[in-house]
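If you count the sequence shown from 1, position 67 lands on 66 in numbering that gives the first Met the number 0, and the numbers rise without skipping.
Beta carbons: idealized from backbone N, C-alpha and C, even for Gly.
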Amino acid sequence: MTIAVLAVQGAFIEHEKKLQALGADVFEIRQAKDLERHFDGLVLPGGESTVQGKLLRELGLFEALRDKIRAGLPVMATCAGLILLAEHIADDPTVHFGTLPVTVKRNAYGRQLGSFQCTADVEEIGKQLPLTFIRAPYIEKAEDAVKVLTRVDGNIVAVRYENQLGMSFHPEVTEDNRVHAYFLQMCEQKLS
Ligand code: GLN
0 MTIAVLAVQG AFIEHEKKLQ ALGADVFEIR QAKDLERHFD GLVLPGGEST VQGKLLRELG
60 LFEALRDKIR AGLPVMATCA GLILLAEHIA DDPTVHFGTL PVTVKRNAYG RQLGSFQCTA
120 DVEEIGKQLP LTFIRAPYIE KAEDAVKVLT RVDGNIVAVR YENQLGMSFH PEVTEDNRVH
180 AYFLQMCEQK LS
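Pasting the structure below:
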């Protein structure tokens, strides 16, 4: 199982460590030639979505990755990655990949509560997962076809839609491996 991790900006190394610990082969996507390699799944890490969106376009990665996601490549997106996938960003005309039919609100928790942790049950993944939010977005609205996996304080913070798993929080910074294990299962199911 080979997983590509977008590594143009943000928190990609932590994802790589988790996936490797679970037995996956991992490589980084930094430039167009990296896309020549085969991969079974893609991780879009947290960071700064505006910067990532700009770099994806400048580096010539944008269209090829969007087409792969549209064609069914399993993708796990955390935080800024979720913003890249969203069809709509609240109060902002910007659209990046636009493959996930949700509206996300960036920096939704404001400055004061910019970062926080909690635990929640996440459908399909497990009970009492530790969730870490860092200047996180949440999903304001999701189309009916999108499965809501969990909410925190009534707001949607994890969803699954076909080949796409999107989360507001950062599963890669906790000790818990269940989110990454679930994603690897998604990749395996796609293969079989
Ligand atoms: N606030 C960032 C953004 O809007 C996301 C934060 C994160 O990825 N930790 O892109």
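query = To which residues does DSSP link His87 through a beta bridge?
reply = Looking up residue 87 in the sequence shown gives position 88. In DSSP, His87 forms a bridge with Thr102.
inquiry  = What does the Cβ neighbour count give for Cys117, buried or exposed, with the cut at 16 atoms within 10 Å?
reply    = Looking up residue 117 in the sequence shown gives position 118. Cys117 is exposed by the Cβ-count criterion.
message = Please return the same chain residues whose Cβ sits closer than 7 Å to the Cβ of Ile155, not counting the five positions on each side in sequence.
response = Position 156 of the sequence shown, counted from the first residue, corresponds to residue 155. Around Ile155: Tyr137, Ile138, Ala141, Val147.
ask   = By how many angstroms is the C-alpha of Ile82 removed from the C-alpha of Arg105?
value = Numbered from its first residue, the sequence shown carries residue 105 at position 106. Numbered from its first residue, the sequence shown carries residue 82 at position 83. If you take the alpha carbons of Arg105 and Ile82, they lie about 8 Å apart.
message = In the DSSP output, which residue or residues are listed as bridge partners for Lys146?
response = For this step, residue 146 is matched to residue 147 along the sequence shown. In the DSSP output, where bridge partners are listed per residue, Lys146 has Arg159.
ask   = Going along the chain, which unbroken runs of the beta strand (DSSP E) with 3 or more residues stay wholly within the region 37-69?
value = 40-43
key: Assigned exposure category for Pro92 - 16 Cβ within 10 Å defines buried   = Looking up residue 92 in the sequence shown gives position 93. Only exposed fits Pro92, as fewer than 16 other CB atoms lie within 10 angstroms of its CB.
Contacting residues, own chain, Cβ-Cβ under 7 Å from His37 (five flanking each side not counted) = Sequence index remark: in the sequence shown, residue 37 carries index 38 (1-based). So the list reads Thr1, once near-sequence residues are dropped.
key: First and last residue of the uninterrupted alpha helix (DSSP H) at Gln19   = Working through the sequence shown from its first residue, we reach residue 19 at position 20. Where Gln19 is concerned, the enclosing alpha helix (DSSP H) stretches over 12-20.
ask   = Per the contact definition of three or more C-beta pairs closer than 8 Å, is the region 44-56 in contact with the region 2-10?
value = In short, these stretches touch, since the Cβ pair count reaches three.
ask   = Do you know whose CA, among Leu190, Ser191, Asp175, lies nearest Leu21's CA?
value = On the sequence shown, residue 21 is found 22 positions in, with the first residue counted as 1. Closest option to Leu21, Cα to Cα, is Asp175.
key: In DSSP terms, what Ser114 is bridged to   = As a position in the sequence shown, residue 114 is number 115, starting the count at 1. Per DSSP, Ile133.
query = Can the beta-carbon of Pro100 be found closer than 8 Å to that of Cys186?
reply = As a position in the sequence shown, residue 100 is number 101, starting the count at 1. As a position in the sequence shown, residue 186 is number 187, starting the count at 1. With respect to the 8 Å criterion, Pro100 and Cys186 are not classified as neighbours on the basis of their beta carbons.
ask   = Secondary structure at Glu27, three-state DSSP: helix, strand or coil?
value = Position 28 of the sequence shown holds residue 27. Reduced to three states, the DSSP call for Glu27 is strand.
message = So, at 6 Å on beta carbons, what are the nonlocal neighbours of Leu43 in its own chain, with the 5 sequence-adjacent residues on each side left out?
response = Start at 1 with the first residue of the sequence shown, and residue 43 comes out as number 44. Result list for Leu43: Leu5, Ala76, Gly80, Leu83, in chain order.
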